[in-house]
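Peer 1: Here the sequence shown stands for residues 170 to 379, where the numbers follow the working numbering. A virtual CB, placed ideally from N, CA and C, is assigned to each residue, including glycine. Owing to the predicted nature of the structure, the values given are computational and were not obtained by experimental measurement. I'd like to ask some things about the structure below.
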Amino acid sequence: MASYEELMRVIQEGNFVETQNQVRELLDKGKSPNEIIQKGIIEALDIVGKKFSEGECYIPEMLVSAKASQKGLEILKPLLVKSGFKPKGKIILGTVKGDLHDIGKNIVAMMLEGAGFEVIDLGCDVAPEKFIDTLKAEKAQILAMSCLITTTMISMKNTMDALKEAGLIGKIKVMIGGPPTTEEFARKIGADFRGKDAYEAVEQAKRLIP
Ligand code: B12
């Protein structure tokens, strides 16, 4: 029987097949993709993160749980992302240099696409120059950066410095997110907005590109 508890359990076990089965069954039971992400996938990864901090699990376990989550998200993505629409605006998104965490960023991308924005996802470990080159080439309105490790927050500042040098400050809006970031940090580096989750990313994108 599918439940959020069971989904969380199989993600923690790193069981790809059962993760996909649970997601399908929860959808069949009428649960929304957003709720499955929030109450199943994100919760499970939070528990894995806590166990890692407390030395109860190690990187290989964290990795298989992350992969299982991605398997679940594969099923949910087509349900969140609409096709055949005229994009509301263009957003360049990536996890900053030095940081390989991309699950949260991928959820942000899915939600933004689902809300009608065109998202150019540069992946993870993105250097400031890559962000700048793409912003210029694509004439995007928003730059969205993600980071999960405290020590990679400096890459956000470096990217803001590079934006300044490229004369793009004021021409594009900047959103940042990821657990180590704060509103104060956003203000300090000159970003326009810090969001705590994918919903805030969407709400803010709507405000920044009216
Ligand atoms: C899965 C995971 C991994 C996987 C990543 C796989 C992948 N493809 O992403 C692997 C195993 C590879 C990994 C590696 C490491 N990890 Co790791 N990892 C995690 C874990 C368990 C979950 C992260 C996650 O996906 N969360 C779920 C997503 C959905 O949440 P999220 O990213 O926060 O995103 C949401 C919001 O933040 C927001 N958001 C995110 N981005 C953006 C952007 C914008 C613009 C906006 C508005 C919003 C927004 O919206 C998202 C959706 O709602 C966390 C623990 C945790 N609880 O976070 C540790 C954690 C992040 N990892 C940690 C560490 C230390 C590492 C390693 C350095 C370990 C090591 N010694 O090698 C390496 C780093 C490698 C590198 N250079 O990046 C630490 C970081 C500590 C710190 N603050 O510095 C954590 C917190 C674990 C811990 N408790 O110590 N990790």
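CB E225 to CB I261, shorter than 8 Å?
Peer 2: Contact flag unset, no.
Peer 1: Starting from I260, trace the beta strand (DSSP E) in both directions and tell me its first and last residue.
Peer 2: 259-264
Peer 1: Please report the distance separating the alpha-carbon of T320 from that of T350.
Peer 2: Between T320 and T350, the C-alpha separation is close to 11 Å.
Peer 1: Hey, is E369 close to the ligand B12, as in C-beta under 7 Å from one of its heavy atoms?
Peer 2: E369: yes, Cβ under 7 Å from the ligand B12.
Peer 1: Of all the beta strand (DSSP E) runs that stay within the bounds of the stretch 253-329, which reach a length of 3 or more residues?
Peer 2: 259-264, 287-290, 311-315, all fully within the stretch 253-329.
Peer 1: I want to check one thing, is the minimum distance from the CB of P297 to the heavy atoms of the ligand B12 below 7 Å?
Peer 2: no
Peer 1: Report all residues from its chain with a CB closer than 7 Å to the CB of A367; omit the five preceding and five following residues, and keep chain order.
Peer 2: I276, V277, M280
Peer 1: For the beta strand (DSSP E) holding G183, just list the boundary residues, first then last.
Peer 2: Premise fails: G183 is in no beta strand (DSSP E) and is neither H nor E.
Peer 1: Which residue from D215, I358, F286, L332 puts its Cα closest to that of Q373?
Peer 2: Of D215, I358, F286, L332, the residue nearest in Cα terms is F286.
Peer 1: Would you report the Cα separation of V295 and C316, rounded to the nearest angstrom?
Peer 2: 11 Å
Peer 1: Leaving aside the five residues before and after G119 along the sequence, list all residues of the same chain whose C-beta is less than 6 Å from its C-beta, in chain order.
Peer 2: The structure shown does not extend to residue 119, since the chain is modelled only from 170 through 379, so no value can be given for it.
Peer 1: So, are the CB atoms of L195 and A213 less than 8 Å apart?
Peer 2: no
Peer 1: Measuring alpha carbon to alpha carbon, tell me which residue in P229, E204, S238 is nearest F185.
Peer 2: S238
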